[in-house]
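K.L.:
One structure, pasted below without further comment.
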Amino acid sequence: MMARGFGGRGRGFGGNRPRGGSARPITRFISRPTFDPVLAEPAFPRVKPLPEETEFNQDLLNLNAQLSPTEEEEAAINNLMTKVRGILDKFILAPVAESSCQIEEVRPVGSYKKGTMMRGSNMADLVVILKSMPARQAVDAMGMKLCQELEQQDPKLGATFTSNERGFHVSSGSATIRIMTATVPVNMKKLDSSLHLDYKILQQNMAAVRQCRWFEESAHHSSIRVLIRILKHLKNRYELLNPLTPWMVDLLAHYCIMNQPNRLIVSLPAAFRRALQLMAAGLFLPGSQGLIDPVESYGVRAHTAIPVAQQDGVTIAAQTLLQILAYGGYQPVLGLDGSSKDLTTEVTVWNGVVVTPGEEVYVAATAEEEPETQDIEMKASDE
């Protein structure tokens, strides 16, 4: 006997068929976890012990030292940052007369604050959070006034001002400070696209503050910063890995170093190999659970920030590099053999084994063929 109200011919919670004809089935997006060799090791025990990786570890540390900024670069960026922050702090107490901008606070963000800057890329980021509305003309006026103040303090700096969609740049010699503008949440609903900075850009600039705060609280171990530099090196070296965002790299490095069942820190060589294994297994593909963005709501996955075609390219590159790592060692993958070839785009031979780059799998779907799950995914990524 079937209880009334729960199916069959009962009332209340619906029968077998809804009224008014057949209803369209609800399509739900279900993400799946990526196979992780480290987490799966209890189910797949090793048949032989790990190889000795002392030399590999030392080579990674040496490469990190080569990728780190020089003393001259650090001195130049620190000098300019100190002067710029001092002037902006003065603007908080005494707003610029030529501009309507009223500053709430100034926060250093990005690789400068995280300690992951790369040699040859001497740019530091600051987020200026405004109490006032972020009008384009007012932001430019504040930037020009900042540049004038720098010139008055030290004419030898040769400071220059450049406006851009996120705010403005202030440069002096080889050092550049990128000022990214944000505003307090109450102003976000009052934005006028014809007068103010773009809504999404303001959101992204504020997200940079949250990301930096999370990194400070969660990424204490020095190996995380080393692995971030190594992954950035791969990103710059291989074109298919270039779409990886800095935030994706940060989260991947943190996961590979810190996420282990016994709560021990993963060694640097093992974490590097793990990063390639995860990407090769589809960590950044559409159906993957991926890495949940810890500073966003609704369980947004970090890799939805890049298009699906680029997600496919990242996976192809990681699969190719993982094969080369297995047959040819880590030196060619990291470029320690002196070669500058892009190994992800051409056929190579390693100890008699032919490694052929994978083929693209993603095919752009038409509007009619696009699955409903993609809409759900993109809505989550926009929030």
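Residue numbers are given in our numbering: position 309 of the sequence shown equals residue 310, and the series is strictly consecutive. Even glycine gets a Cβ: it sits at the ideal position worked out from N, Cα and C. Since the structure is predicted, the reported quantities are computational estimates derived from the model, not experimental observations.
(1) Gly339 to Pro358, Cα distance in whole Å?
(2) In whole angstroms, what is the alpha-carbon distance linking Ala319 and Glu74?
(3) Taking a contact to mean a Cβ-Cβ separation below 8 angstroms, would you say Thr35 touches Leu284 in this structure?
(4) Measuring straight from C-alpha to C-alpha, what distance separates Thr349 and Lys342?
(5) Does the distance from the CB of Ser112 to the CB of Pro244 come in under 8 angstroms?
(6) Once the 5 residues before and after Ile130 are set aside, which same chain residues still bring their CB inside 6 angstroms of it?
(7) Hey, could you find the ends of the beta strand (DSSP E) Asn170 is sitting in?
(8) At the level of alpha carbons, what is the spacing between Gln212 and Arg230?
(9) Following the continuous beta strand (DSSP E) through Ala183, name the residue where it begins and the one where it ends.
(10) Which stretch, first to last residue, makes up the alpha helix (DSSP H) that contains Pro247?
(11) Give me the residue from Ala160, Ala139, Met145, Pro186 with the minimum Cα distance to His197.
(12) Let me know the secondary structure DSSP gives Ile293 once reduced to three states.
(13) Name the one or two DSSP bridge partners that Leu131 has.
(14) Let me know if Phe45 comes out buried or exposed under the rule of 16 or more other beta-carbons within 10 Å of its beta-carbon.
(15) Have a look at the DSSP bridge pairing and note the partners of Arg33.
(16) For Gln278 and Asn79, I'd like the C-alpha separation in whole angstroms.
(17) Using 8 angstroms as the cut-off, can you tell me whether the segment 170–181 makes contact with the segment 78–98, which would need three or more C-beta pairs spanning the two stretches below that distance?
(18) Just list the residues that DSSP pairs Ser164 with in beta bridges.
(19) Based on the DSSP secondary-structure assignment, which residues constitute the bridge partners of Thr349?
(20) Along the chain, where does the alpha helix (DSSP H) containing Ser122 start, and where does it finish?
(21) Please confirm whether Ala272 and Leu326 have their CB atoms less than 8 angstroms apart.
(22) Classify Gly159 as buried or exposed, calling it buried when 16 or more other Cβ atoms lie within 10 Å of its own Cβ.
(23) Under 8 angstroms, do Arg226 and Thr117 count as touching if we go by C-beta distance?
(24) When you compare the CB positions of Met134 and Lys191, do they come within less than 8 angstroms of one another, or not?
(25) Could you give the distance in angstroms between the alpha-carbon of Gly16 and the alpha-carbon of Ile31?
(26) Comparing alpha-carbon positions, which option in Gly144, Phe169, Arg264, Pro295 lies nearest Glu217?
(27) Taking Ala77 and Asn123 to be in contact with their CB atoms under 8 angstroms, please state how far apart those CB atoms are, rounded to whole angstroms.
(28) Using the Cβ count rule (16 or more neighbours within 10 Å means buried), how would you classify Gly121?
(29) To the nearest angstrom, report how far apart Ser172 and Arg274 are at their CA atoms.
(30) In chain order, what residues of the same chain have a beta carbon less than 6 angstroms from the beta carbon of His255, not counting five sequence neighbours either side?
(31) Distance check for Lys49 and Ala365, CA to CA, integer angstroms please.
(32) Classify Val110 as helix, strand or coil using the three-state DSSP reduction.
(33) If you reduce the DSSP assignment to three classes, tell me which class Ala136 lands in.
(34) Does DSSP put His197 in a helix, in a strand, or in coil?
(35) Starting from Ile266 and walking both ways along the alpha helix (DSSP H), at which residues does that stretch end?
(36) Report the three-state DSSP secondary structure of Val364 (helix, strand or coil).
P.N.:
Quick answer:
(1) For Gly339 and Pro358, the gap between their C-alpha atoms comes out near 21 angstroms.
(2) Cα atoms of Ala319 and Glu74: separation of roughly 32 angstroms, rounded to the nearest angstrom.
(3) Judged by beta-carbon spacing, Leu284 lies within the 8 angstroms limit of Thr35, meaning their Cβ atoms are closer than that value.
(4) One alpha carbon belongs to Thr349, the other to Lys342, and they sit about 10 angstroms apart.
(5) No, the pair does not count as a contact, with Cβ atoms beyond the cut-off.
(6) Hits under 6 angstroms: Glu105, Glu106, Ala183.
(7) A small correction: the amino acid at residue 170 is His; Asn does not occupy that position in the sequence shown. Residues 168–173.
(8) Looking at the backbone, the Cα of Gln212 and that of Arg230 are separated by about 17 angstroms.
(9) From DSSP, the beta strand (DSSP E) with Ala183 extends over 176–184.
(10) Residues 247–259.
(11) Nearest option by C-alpha distance: Ala139.
(12) It is a strand residue.
(13) Answer is Ile104, Thr184, bridged to Leu131.
(14) With fewer than 16 Cβ atoms within 10 Å of its Cβ, Phe45 is classed as exposed.
(15) The partner list for Arg33 (beta bridge, DSSP) reads Ser289.
(16) Rounded to whole angstroms, the gap between the alpha carbons of Gln278 and Asn79 is 37 angstroms.
(17) Judged by pairs of C-beta atoms under 8 angstroms, the segment 170–181 touches the segment 78–98, as three or more such pairs exist.
(18) The partner list for Ser164 (beta bridge, DSSP) reads Phe169.
(19) Residue pairing from DSSP places Thr349 in a beta bridge opposite Val356.
(20) Element bounds for Ser122: n/a, residue is neither H nor E.
(21) No, they are not a contact pair.
(22) Only exposed fits Gly159, as fewer than 16 other CB atoms lie within 10 angstroms of its CB.
(23) For Arg226 and Thr117, yes; Cβs fall inside 8 angstroms.
(24) The answer is yes: Cβ separation under 8 angstroms.
(25) Its pLDDT being 48, under 50, Gly16 is placed unreliably in this model, and the coordinates cannot settle the point.
(26) The residue with the shortest Cα to Cα distance from Glu217 is Pro295.
(27) Separation of the CB atoms of Ala77 and Asn123 is rounded to 6 angstroms, and the pair is thereby assigned contact status at 8 angstroms.
(28) When all chains shown are included, Gly121 counts as exposed.
(29) Computed Cα separation, rounded: 38 angstroms.
(30) Contacts found: Ala220, Ile225.
(31) Taking the straight line joining both Cα atoms gives about 43 angstroms.
(32) In this structure, Val110 counts as strand in the three-state DSSP scheme.
(33) When DSSP states are grouped into helix, strand and coil, Ala136 belongs to the strand group.
(34) In this structure, His197 counts as strand in the three-state DSSP scheme.
(35) For Ile266, there is no enclosing alpha helix (DSSP H), as DSSP marks it with neither H nor E.
(36) Three-state result, Val364: coil.
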